[in-house]
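Structure record follows, encoded as structure tokens.
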Amino acid sequence: MDYNHFYNESILNKEYFWRNQASKIAWFKTPENILNVDNEENYSWFEDGELNTCYLAVDKHVDEGKGDKLAFIYDSPVTNTKKQFTFLEVKERVSKIAGSLKKLGIEKGDTVIIYMPMVPDAAFSMLACARLGAVHSVVFGGFAPHELAIRIEDAKPKVVISASCGIEIEKIIPYKPFLDEAIALASFKPSATLILQRDTQRCDLKAGFDFDFETTVTASSPADFVTVKATDPLYILYTSGTTGKPKGIVRDNGGHAVAMRFSMEYVYNAKEGDVFWAASDVGWVVGHSYIVYAPLIAGCTSIIFEGKPIKTPDPSTFWRMMEEYKVNVFFTAPTAFRAIRKEDPESVYFRKYDLSALRTIFVAGERCEPSTIHWLRELTQKPIIDHWWQTETGWAIVANMMGVAQLPVKEGSATKPVCGYEVVILDEEGEVLGPNQEGFVCIKTPLPPGCLPTLWNDEVRYKESYLDKFPGYYLTGDGGYIDTDGYVFIMGRIDDVINVSGHRLSTGEMEEIVSSHAAVAECAVIGIADEISGQKPLGLVVLKDSSNYSDEQIQRELIALVRAQIGAMAAFRTVVVVKRLPKTRSGKILRKTMRMVIDGVPFTIPSTIDDPSILDEIKEIAVTAKICKV
Numbered sequence: 001m002d003y004n005h006f007y008n009e010s011i012l013n014k015e016y017f018w019r020n021q022a023s024k025i026a027w028f029k030t031p032e033n034i035l036n037v038d039n040e041e042n043y044s045w046f047e048d049g050e051l052n053t054c055y056l057a058v059d060k061h062v063d064e065g066k067g068d069k070l071a072f073i074y075d076s077p078v079t080n081t082k083k084q085f086t087f088l089e090v091k092e093r094v095s096k097i098a099g100s101l102k103k104l105g106i107e108k109g110d111t112v113i114i115y116m117p118m119v120p121d122a123a124f125s126m127l128a129c130a131r132l133g134a135v136h137s138v139v140f141g142g143f144a145p146h147e148l149a150i151r152i153e154d155a156k157p158k159v160v161i162s163a164s165c166g167i168e169i170e171k172i173i174p175y176k177p178f179l180d181e182a183i184a185l186a187s188f189k190p191s192a193t194l195i196l197q198r199d200t201q202r203c204d205l206k207a208g209f210d211f212d213f214e215t216t217v218t219a220s221s222p223a224d225f226v227t228v229k230a231t232d233p234l235y236i237l238y239t240s241g242t243t244g245k246p247k248g249i250v251r252d253n254g255g256h257a258v259a260m261r262f263s264m265e266y267v268y269n270a271k272e273g274d275v276f277w278a279a280s281d282v283g284w285v286v287g288h289s290y291i292v293y294a295p296l297i298a299g300c301t302s303i304i305f306e307g308k309p310i311k312t313p314d315p316s317t318f319w320r321m322m323e324e325y326k327v328n329v330f331f332t333a334p335t336a337f338r339a340i341r342k343e344d345p346e347s348v349y350f351r352k353y354d355l356s357a358l359r360t361i362f363v364a365g366e367r368c369e370p371s372t373i374h375w376l377r378e379l380t381q382k383p384i385i386d387h388w389w390q391t392e393t394g395w396a397i398v399a400n401m402m403g404v405a406q407l408p409v410k411e412g413s414a415t416k417p418v419c420g421y422e423v424v425i426l427d428e429e430g431e432v433l434g435p436n437q438e439g440f441v442c443i444k445t446p447l448p449p450g451c452l453p454t455l456w457n458d459e460v461r462y463k464e465s466y467l468d469k470f471p472g473y474y475l476t477g478d479g480g481y482i483d484t485d486g487y488v489f490i491m492g493r494i495d496d497v498i499n500v501s502g503h504r505l506s507t508g509e510m511e512e513i514v515s516s517h518a519a520v521a522e523c524a525v526i527g528i529a530d531e532i533s534g535q536k537p538l539g540l541v542v543l544k545d546s547s548n549y550s551d552e553q554i555q556r557e558l559i560a561l562v563r564a565q566i567g568a569m570a571a572f573r574t575v576v577v578v579k580r581l582p583k584t585r586s587g588k589i590l591r592k593t594m595r596m597v598i599d600g601v602p603f604t605i606p607s608t609i610d611d612p613s614i615l616d617e618i619k620e621i622a623v624t625a626k627i628c629k630v
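Counting from 1, one number per residue, gives the positions in the sequence shown under UniProt numbering.
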């Protein structure tokens, strides 16, 4: 298939294109009104269509006689547990969970918060909500009570589904006490909770309010699926906002189902019966899209993994599972591979396993520097596909569409726009920039099916955050450029572009250069305040375990490297070696937060941070190095 023809059709003839794609899913009422546009800000997809997402993901396969095919594989090295579930088994379990929710008063349109570890019942609970037409909001397991309370306040769930605890490498996270505190903090109170008791750490249940998950589900009658409109919400997923209050991204049922089905075929080239593994968590958008919904809608087997890429028990976990389950398509964040490379620099563990079933590795979630892609490609001898998308879109904006035609790879680029996304680069005045000119990465509206139609209960903030700056365009919040061949280069968040003595410089470009050094495991380059130049770049680097470089030697070499490739105007003169970088639980490096720490300005610790103590380490190092403003 020719990419240019396929892509242009999706832009020039939107309704025809998406009508064809919509015909590939099973509607209860086939939509005739494919795209309804009121204006640049208000539009909807398939608004007269009716369906049920749980039916598409589960019941449909059973009805077609494929109930004995594997739907989920659960692998939990932290509990030494492995289980497999057929589509029929998933249907039976999901129907019973839906029945228990129904017994607790959940009806179509109600909201349910799911605050659980990476266990099968977390995914099954999501599907059970979809079965009833209830709106689920998954909150990453272990979020602090304050952050959970904010989400309870905003989503107003009638029921919260949780667990007694989460299990990590060296610690137990007490979910139930966190949930109790969050409910106490929130002015809105759910009417009941369903608590999955885990043998590792059980918890006390309050009579009449806390209900034992297994006991309640076992005693419940199965619930059938209900019909919902395409425009009815499927879920809310909260993402961080600049105000400190998280934004509730809304996903509709119809556009989402079409986009999931489309992306599996054309972006990931995943076929029915393939084993598809997205090594993420259902608390993140990747888990929603590519652990639960998309693989099942496409008839693939999906893997639910409760563990880490390292220390569960060693850096071989990913490779072991790829061999054991004959994974065909793998998807994770670059930070996972950096961790593996740091722990196993000579790739000793990798050589123990057979990855012959694996066709492709996809990375996303943060910018993947060329050195990691080079290492991974050389190691695995597989195509390494960097693609770019957001919680807001729910699926890829820019990718090498493996189900269309594999395009030549350009280092630092996620390749070309995916069908339906008209990506442009705008300047501060909203004018479209030409090739190789860096500016605001935007998408012409209407966005394709599956993207956010609004924010939960906050239409004003939706428009202010994404649409008001450039009317007719969705503002992604990222900076970048498109080259003469149409390849898109994402250079990082807009506020990661720094201004040094009038020069606008990309910290992403500097990171590429720094990370290319053989001794560097990972790095972050941030712009910090400077009295003379306005801003100056600071490099924070983590060295590989095998590195013999002294701090002074690595500093000299990295400064020379950036100077040689960018020039003196980069003013890259400060490098600090650190043991680790602060990240979110999904692996994104918290560059903005580090900048605020070092600049000595007030900041709120992000709710998604993996380990807040790292910020104290960064501050201490910065003070010692005399670069901190405090």
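We put the beta carbon where it would ideally sit given N, CA and C, even for glycine.
To the nearest angstrom, how far is it from the Cα of residue i to the Cα of residue j?
i, j, result
"PHE124", "ILE97", "8 Å"
"GLU214", "VAL138", "20 Å"
"GLN535", "THR391", "30 Å"
"TYR16", "ALA122", "37 Å"
"PRO606", "PHE140", "13 Å"
"VAL630", "CYS523", "Below a pLDDT of 50, predicted positions are generally treated as unreliable, and VAL630, at 46, falls in that range; the measurement from the model is reported next regardless. So the alpha carbons of these two residues sit roughly 23 Å apart."
"PHE603", "LEU615", "11 Å"
"SER465", "CYS419", "24 Å"
"TRP207", "PHE318", "Checking the sequence, you will find Ala at residue 207 rather than Trp. Near 42 Å, if we compare the C-alpha coordinates of PHE318 and ALA207."
"SER550", "LYS583", "25 Å"
"ILE384", "PHE209", "49 Å"
"LYS410", "TYR353", "29 Å"
"ASN328", "ASN269", "10 Å"
"SER515", "ILE528", "20 Å"
"ALA568", "HIS503", "11 Å"
"SER240", "MET118", "21 Å"
"PRO435", "ILE566", "20 Å"
Flag this pair as yes or no: are the beta carbons of residue i and residue j separated by less than 9 Å?
i, j, result
"MET264", "ARG367", "no"
"GLU323", "ALA357", "yes"
"ASN253", "VAL275", "no"
"LEU433", "ILE443", "no"
"TYR115", "SER162", "yes"
"VAL525", "ASP478", "no"
"residue 645", "MET510", "What is shown of the chain runs 1 to 630, which leaves residue 645 out entirely."
"TRP389", "ALA399", "yes"
"ALA625", "THR574", "yes"
"PRO145", "GLU181", "yes"
"TRP456", "VAL258", "no"
"PRO453", "TRP18", "no"
"ILE150", "LYS245", "yes"
"TRP284", "PHE305", "no"
"ILE303", "ALA279", "yes"
"THR193", "PHE211", "yes"
"SER164", "CYS129", "no"
"GLU50", "ALA230", "yes"
"ILE397", "VAL363", "no"
Within the same chain, show all residues whose beta-carbon is closer than 6 Å to that of residue i, passing over the 5 residues directly before and after it, in chain order.
i, result
"SER316", "TYR349"
"ASP611", "none"
"LYS102", "ALA223"
"SER347", "LEU379"
"SER10", "PHE17, CYS419, GLY420"
"PRO110", "What sits at residue 110 in the sequence shown is Asp, not Pro. Cβ within range, chain order: ALA134, LYS158."
"residue 637", "Residue numbering for the chain in the displayed model covers 1 to 630; residue 637 lies beyond these limits and cannot be assessed."
"ASP386", "VAL363, CYS368, ALA414"
"CYS451", "THR393"
For residue i, which residues does DSSP report across the bridge?
i, result
"GLN437", "Paired residues: none, contrary to the question."
"PHE213", "Beta-bridge pairing links PHE213 to no other residue."
"TYR293", "Per DSSP, none; premise fails for TYR293."
"PHE262", "BP columns for PHE262 are empty, so no partner."
"ASP386", "VAL363"
"SER137", "ILE113"
"LYS83", "TYR74"
Excluding sequence positions up to five away, which residues of its chain have a Cβ less than 7 Å from the Cβ of residue i?
i, result
"SER289", "MET260, GLY394, TRP395"
"GLU40", "THR445, PRO471, GLY472"
"ARG595", "ILE526, GLY527, ILE528"
Might you give, ordered along the chain, the residues of its own chain that have their beta carbon closer than 8 Å to the beta carbon of residue i, omitting 5 neighbours on each side?
i, result
"PRO309", "ALA279, PRO315, THR317, PHE318, THR332, ALA336, PHE337, ALA339, ILE340"
Exercise for review: Taking only runs that begin and end inside the stretch 483–517, name each unbroken beta strand (DSSP E) of 3 or more residues, in chain order.
Suggested key: Within the stretch 483–517, the runs of beta strand (DSSP E) at least 3 residues long that lie entirely inside it are, in chain order, 488–493, 497–500, 503–506.
Practice item. For the stretch 94–127, list the beta strand (DSSP E) runs that are entirely contained and at least 3 residues long, ordered along the chain. Key: Fully enclosed beta strand (DSSP E) runs of 3 or longer: 111–115.
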